[in-house]
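A.B. asks:
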Amino acid sequence: MAGAAALAATARARAEAPATSFKVGTLAFGTVHWVMETIRRNGFDTAQGFAVAPTLLASSEAARIAFLGGSVDTIVNDIFFAARLKAEGRPLQFLPFSSTEGALIAKPTSTIRDVGDLKGKSIGVSGGPLDKNWLILRADAQKSARLDLAKDARPAFGAPPLLAAKVDAGELDCGLLYWSDAARLEAKGFRRVLDTESIVARLGAPGRVAIGGFLLHPETSPATRAGFAKAVRRANDLLANEPKAWDPLRPLMRAPDEATFQALKAAYLRGVPTKPRAAEIADAQAFFAVVAGLGGAALVGEATSLPADLYVDAAALN
630 MAGAAALAAT ARARAEAPAT SFKVGTLAFG TVHWVMETIR RNGFDTAQGF
680 AVAPTLLASS EAARIAFLGG SVDTIVNDIF FAARLKAEGR PLQFLPFSST
730 EGALIAKPTS TIRDVGDLKG KSIGVSGGPL DKNWLILRAD AQKSARLDLA
780 KDARPAFGAP PLLAAKVDAG ELDCGLLYWS DAARLEAKGF RRVLDTESIV
830 ARLGAPGRVA IGGFLLHPET SPATRAGFAK AVRRANDLLA NEPKAWDPLR
880 PLMRAPDEAT FQALKAAYLR GVPTKPRAAE IADAQAFFAV VAGLGGAALV
930 GEATSLPADL YVDAAALN
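Using the working numbering, the letters of the sequence shown correspond one by one to residues 630 to 947.
Here it is as structure tokens:
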């Protein structure tokens, strides 16, 4: 009923004139694009007095540069980068987006079973040498197997789709891939060796934490900030309750078959944050303390903790 009602309200929402354009930096192959398309198609933005303007960017690094330079109003990045900026004196805010993170993927016949088996192996790493998944994996390998994967393995950094293709073709022994690319390979029979969530769990962190979130400039008005949070929440509610809402997203998802489509859909919905703000912050602070202690300055810069005021205010989240 909720999904049908939201779809029926589209015409009314679109009739409202948007007060401002809100530029959302997104990767062409990223899941943020799915959400923005859902918001735009259903008028969830104009209902809040603004219009999302997706801005396609080439890479995660390009997204960071665009955000810091002010050419986009928001991007999705991780709490470590957000805390790092906060510690540098940038008063940004963080809106939780997803708890689904990267995974180490290998062929089913691979001898790689855990981090200790990565010595001498070629690893495709999505995002680059400062990617959170890579730094967390390195920290775990150092702690559990006394390996420095930067030296003891053969990391190859690059664009996520390219690295996934190389893993698929057998050109790399394994891949530390973003969850969407990992899901695609799993649908083809590849094996999940471990993932970031399982690593942090065995390191003693609490339950699932939304590591990824929208970074919002302090210049963004409280009304737009709250409106954007509500639009994202409405889009996620629609995707969770209305199967037909996924149909327009299929071209963006690049799913070659039904199995891949369903795997991507399930993985995305599994990561949508559902905890109250206070619980999310408490779990994130405990998680941050564990991981920052392992990743050090390379991961969190000068940040020593995760401040509660980093998170978008309760009125926008609840």
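Beta carbons: idealized from backbone N, C-alpha and C, even for Gly.
Source: prediction; values computed, not measured.
For Trp-977, collect the residues of the same chain with a Cβ closer than 7 Å to its Cβ; drop the 5 residues on either side in sequence, then sort them by chain order.
C.D. replies: In the structure as shown, the chain starts at 630 and stops at 947, and residue 977 therefore has no counterpart that could be examined.
A.B. asks: Give the secondary structure of Leu-792 by DSSP, where H, G and I count as helix, E and B as strand, and everything else as coil.
C.D. replies: Reduced to three states, the DSSP call for Leu-792 is helix.
A.B. asks: Can you tell me whether Ser-728 is buried or exposed? The criterion is at least 16 other CB atoms within 10 Å of its CB, across all chains shown.
C.D. replies: Buried is the call here.
A.B. asks: Looking only at DSSP bridge pairs, what is Lys-652 linked to?
C.D. replies: Per DSSP, Ala-682.
A.B. asks: Candidates Leu-898, Arg-813, Phe-726, Arg-854: which alpha carbon is nearest Ala-954's?
C.D. replies: Nothing can be reported for residue 954, as the shown portion of the chain is limited to 630 through 947.
A.B. asks: Which residue marks the beginning of the alpha helix (DSSP H) containing Pro-784, and which one marks its end?
C.D. replies: Segment 783-787 is the beta strand (DSSP E) holding Pro-784; no alpha helix (DSSP H) there.
A.B. asks: Have a look at Ala-892, Pro-877, Leu-845, Asp-942 and flag the residue whose alpha-carbon is nearest the alpha-carbon of Ala-695.
C.D. replies: Out of Ala-892, Pro-877, Leu-845, Asp-942, Leu-845 has the C-alpha closest to the C-alpha of Ala-695.
A.B. asks: Output yes or no for whether 9 Å exceeds the beta carbon distance between Lys-948 and Leu-923.
C.D. replies: Since the displayed the chain opens at 630 and closes at 947, residue 948 lies outside it and no answer follows.
A.B. asks: Can you check which of these residues, Pro-847, Thr-649, Ile-765, Glu-871, is closest to Ala-927 by C-alpha distance?
C.D. replies: Ranking Pro-847, Thr-649, Ile-765, Glu-871 by Cα distance to Ala-927 puts Ile-765 first.
A.B. asks: With distances taken from CA atoms, which of Phe-679, Val-919, Val-838, Thr-660 is nearest Thr-853?
C.D. replies: When only C-alpha atoms are compared, the closest one is Phe-679.
A.B. asks: Taking DSSP as the reference, what is the three-state secondary structure of Gly-745?
C.D. replies: Gly-745 falls in the helix class under three-state DSSP.
A.B. asks: Would you mind reading off the limits of the alpha helix (DSSP H) that contains Gly-856?
C.D. replies: Unbroken alpha helix (DSSP H) run through Gly-856: 851-870.
A.B. asks: Run the CB neighbour count on Lys-761, radius 10 Å, all protein chains shown included, and call it buried at 16 or more, exposed below.
C.D. replies: When all chains shown are included, Lys-761 counts as buried.
A.B. asks: Out of Ser-688, Ala-896, Phe-710, which has the shortest C-alpha to C-alpha gap to Ala-932?
C.D. replies: For Ala-932, the nearest C-alpha among the options comes from Phe-710.
A.B. asks: By alpha-carbon positions, which one of Asp-824, Gly-804, Ile-704, Ile-734 ends up nearest to Val-681?
C.D. replies: Checking every option, the nearest Cα to that of Val-681 belongs to Ile-704.
A.B. asks: According to DSSP, Asn-706 sits in a beta bridge with which residue or residues?
C.D. replies: According to DSSP, which records beta bridges pairwise, Asn-706 is partnered with Gly-842.
A.B. asks: In angstroms with no decimal places, state the Cα-to-Cα distance between Asp-949 and Leu-791.
C.D. replies: In the structure displayed, the chain extends from 630 to 947; residue 949 sits before or after that span and is not available.
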